[in-house]
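Asker:
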Amino acid sequence: MTNTAARRPWRTLMPGLALVVALATLAGCGDDADATSPSGDPSSASGAVTVEDPWVRATTGTDDPTMTGAFLVVDNNTDEDVTLESASSPVAGMAQLHEMVAVDGEMVMQEAPGGIVVRAGGGQLLQPGGYHVMLMKLKRELAPGDEVELTLGFSDGTAVEVTAPVKEFTEEAGHYHSPGTAEHGH
Ligand SMILES: [Cu+2]
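Everything in the sequence shown is counted per my numbering, starting at 3 for the first residue and increasing by one.
Structure, rendered in C-alpha cells:
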C-alpha cells in the first residue's frame, strides 16, 4: 500500500486520468444486466473489473468534516483475483483503503494491509461497518446531493473512475460500525 499518489499535487495525476476515463468507459457498467448479487453469475462475465453503486457519506453536521467514507461494490468479472490497491479523489488531500478490526471488543478502522482482494468471478462490498475508502484532508464540505469523483486503482493495472453521489448517513457513536444498515442497491 503506497500513498505516494496522495502526497503529490492532484494535477500531476491528470495526464494519467485521461486514460483512466477511457478505460472505464470501455469497460462499461452493465447497469441494465446487473440486478444480481455481487458474487455474480460466471456465465455473464464481461472480463472486466467494474465498480457499482458508489456513494460518499455527507460531512455536513458531522463531528469531523475533514474526513469521510466512500462506499461501493467491486465486481470482478475476470478469471483472476484482483486487489483494489489505491483510491483517490479531487476533493480529498489523501485517500486510503480501510478495514474494520476488533480491538479490545471495539470495532476500529485501520488501513487494509495490502489492499482489498476481490476474488475471480466474485464481488466485494465496501460498506459502513466494513471495508471502505477513507477520504481524508477534505478540501470542502460534502453535502447530500453533491457528487464526488473517485478513482480506484487495481492490481491488474486497471483504474476505474466513478462519480459517487453524496448521501446522508446517520451513524451511531464511533465510525461506521453499524453492520446491517448498509445501503446496497443489489
Ligand atoms: Cu476509515
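Heads up, the beta-carbon is just placed ideally off N, CA and C, and yes, glycines get one too.
For my contact list, Gly-132 and Glu-87 are in at a C-beta cut-off of 8 Å; report their separation, rounded to the angstrom.
Answerer: Not quite, the Cβ-Cβ distance comes to about 18 Å (not below 8 Å), so this is no contact.
Asker: How far does the beta strand (DSSP E) with Ala-50 in it extend, from its first residue to its last?
Answerer: First-last for Ala-50: undefined, no H or E at that position.
Asker: Classify Gly-107 as buried or exposed, calling it buried when 16 or more other Cβ atoms lie within 10 Å of its own Cβ.
Answerer: Gly-107 comes out exposed.
Asker: Hey, is Gly-107 close to ligand 1, as in C-beta under 8 Å from one of its heavy atoms?
Answerer: No, Cβ of Gly-107 sits at least 8 Å from all heavy atoms of ligand 1.
Asker: Examine ligand 1 and report whether any of its heavy atoms sits within less than 8 Å of the Cβ of Met-96.
Answerer: No, Cβ of Met-96 sits at least 8 Å from all heavy atoms of ligand 1.
Asker: Closest by CA to Arg-59, which one among Met-138, Gly-123, Val-53 and Thr-52?
Answerer: Arg-59 has its Cα closest to that of Met-138, out of Met-138, Gly-123, Val-53 and Thr-52.
Asker: In whole angstroms, give me the CA-to-CA distance for His-134 and Val-162.
Answerer: Going from the Cα of His-134 to the Cα of Val-162 covers about 16 Å.
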